[in-house]
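Just below is one structure, and these are the notes that go with it.
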Amino acid sequence: GAGVSQSPRYKVAKRGRDVALRCDSISGHVTLYWYRQTLGQGSEVLTYSQSDAQRDKSGRPSGRFSAERPERSVSTLKIQRTEQGDSAVYLCASTSIGPSEKLFFGSGTQLSVL
Amino acid sequence: GENVEQHPSTLSVQEGDSAVIKCTYSDSASNYFPWYKQELGKRPQLIIDIRSNVGEKKDQRIAVTLNKTAKHFSLHITETQPEDSAVYFCAAPLYNFNKFYFGSGTKLNVKP
């Protein structure tokens, strides 16, 4: 594809509900990261996966955040039992090899938890 | 991320002046250091990057310097313009965990 795309662009969720955010990365990219971006705290790595990992739970805060990779160029970030503190912009980024290569970012999903 | 520290958190300069943002990292194995510019509501864009085999790289008004001994690298913007106003992030990889960590960002405001 032309770049990394994310959907939805905006998401409103009731506290306690689960949400799923989608990222379509660039074909051929191996490593995919999810970041959470909040005002004043910059960008925090939530989780990452490589093409052979269907599921990664290495993110933090641990347990509620997980990423699944149903296809090589698609990742879904799942947030369970959302909390108000989860309100943030969630960015995904992918790179062709690993952390020594350029990251290509999606435009983000702005999540608001009410 | 606690593995990359970025300073200052905000920076206000007059148009035409220079701006310098500094980042320090912890993993001595890191060998790639990018800088991203993020305008309000937009995705981060790579503006310049440097690999550990060089000490400085320049692209027009933007330059990055790297001090591997001290484990810090800096972004230099000369002749700043109002359109340089944005949040700038540095990043460094953490090889033990195969992760990319970002600095907390610097909000640059260039006053006309």
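Chains as they are written, first to last, in this note's numbering: chain P, 16 to 129; chain S, 10 to 121.
Glycine included, each C-beta is placed from N, C-alpha and C at the ideal position.
A quick note: this is a predicted structure, and the numbers were derived from the prediction, not measured.
Bounds of the beta strand (DSSP E) holding Glu83/P are 80-86. Out of Lys116/S, His81/S, Arg52/S, Gly112/S, the CA that lies nearest to the CA of Pro91/S is found in Lys116/S. Residue pairing for Gln54/S: DSSP places it in a beta bridge opposite Lys46/S. Separation of Phe119/P and His85/S (C-alpha to C-alpha, rounded to the nearest whole angstrom) is 23 Å. Thr19/S counts as exposed, since fewer than 16 other C-beta atoms from the protein chains shown sit within 10 angstroms of its C-beta.
With respect to Arg79/P, Gly31/P sits apart: the two C-beta atoms are not nearer than 9 Å.
Within the stretch 29-50 of chain P, those residues whose Cβ lies closer than 8 Å to any Cβ of chain S are, in chain order, Thr46, Tyr48, Tyr50. Rounded to whole angstroms, Arg51/P and Gly18/P show a C-alpha spacing of 20 Å.
Looking at the DSSP output, Leu106/P shares a beta bridge with Tyr50/P.
Taking C-beta separations shorter than 6 Å and ignoring five residues to either side along the sequence, the partners of Glu48/S in its chain run Ala95, following chain order.
If you ignore the 5 residues before and after Thr87/S, its C-beta comes within less than 6 Å of the C-beta of Ser27, Arg70, all in its own chain and listed in chain order. Residues of the stretch 34-65 of chain S whose Cβ lies closer than 9 Å to any Cβ of chain P, in chain order: Ser39, Asn40, Tyr41, Pro43, Tyr45, Gln47, Gly50, Lys51, Arg52, Pro53, Gln54, Leu55, Asp58, Arg60. Under the three-state reduction of DSSP, Asp68/S is assigned to strand. In the structure shown, Gln125/P adopts extended strand secondary structure according to DSSP, grouped into three states.
The beta-carbon of Phe111/S is placed less than 9 Å from the nearest beta-carbon of chain P.
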